[in-house]
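If you use this note's numbering, the sequence shown corresponds to residues 1 to 131, in order.
All C-beta atoms in this analysis are idealised placements derived from N, C-alpha and C, irrespective of residue type, glycine included.
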Amino acid sequence: MTKSSTFMPISLGTSIVGPATLHGSVSAGTSLSASITGGVKSEINGLIVKAEANFSLTLSASVTTGMSYSVDKPVPGRVVGHLQLGISGEKITFNNYQLAYPCRAVLVSSKTVTAPLTHSEFAWNYWQTNA
């Protein structure tokens with residue numbers, strides 16, 4: 001088994017021919033809200049007394065969090081700048097060997113899996129090619 005760091009794209013990339021500035025931005029947010037409502041009604045019947053009570057309570061709260069990742073990359077003239085959003089991951093390769101005569105290991109199969117890291121963060125992958 002071998003491990004290596006890798007970039008896992010999570011969006012389509014963009015490209016532009018220089019001279020220019022390539023800008024990328026992404027933001028994500030979460031909004032949570034909750035409310036509680038309730039009511040109470042009671043009735044007491046007696047020979048002379050009849051009572052009725054209504055009760056209502058409403059509580060509400062909301063929390064909003066967010067984050068933003070942006071980047072600006074200058075693209076020189078006569079080149080194409082490429083930008084893609086992704087997260088960091090790990091590439092793991094599993095190899096299956098079989099012993100062969102005389103005391104030799106022969107690779108039978110190989111499988112590579114790419115998975116995000118536990119605490120991955122957004123990252124921008126930038127590269128240049130000739131125009």
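N-terminal and C-terminal residue of the beta strand (DSSP E) that residue i is part of
| i | result |
| --- | --- |
| Thr114 | 104–116 |
| His82 | 79–100 |
| Met1 | Element bounds for Met1: n/a, residue is neither H nor E. |
| Ser15 | 14–17 |
| Ala131 | Taken as a continuous stretch (DSSP letters only), Ala131 belongs to no beta strand (DSSP E), as it is neither H nor E. |
Residue closest to residue i, alpha-carbon to alpha-carbon, out of the options
| i | options | result |
| --- | --- | --- |
| Ile10 | Leu83, Tyr97, Met1 | Leu83 |
| Ser27 | Glu121, Ala100, Gln128, Trp127 | Glu121 |
| Leu117 | Lys91, Asp72, Gly24, Ser70 | Lys91 |
| Ser15 | Cys103, Lys3, Met8, Leu85 | Leu85 |
| Ser185 | Thr93, Tyr69, Gln128, Met1 | Since the first residue shown for the chain is 1 and the last is 131, residue 185 is missing from the structure and cannot be characterised. |
| Tyr126 | Thr6, Gly13, Ser4, Ser5 | Gly13 |
Euclidean distance between Cα positions of residue i and residue j
| i | j | result |
| --- | --- | --- |
| Ala131 | Gly81 | 9 angstroms |
| Val71 | Ala123 | 10 angstroms |
Query raised in the report: Is the segment 73–84 touching the segment 110–119, taking contact as three or more C-beta pairs under 8 angstroms?
Result: no
**Report entry** Three CB pairs or more closer than 8 angstroms across the segment 93–109 and the segment 11–25
**Finding:** no
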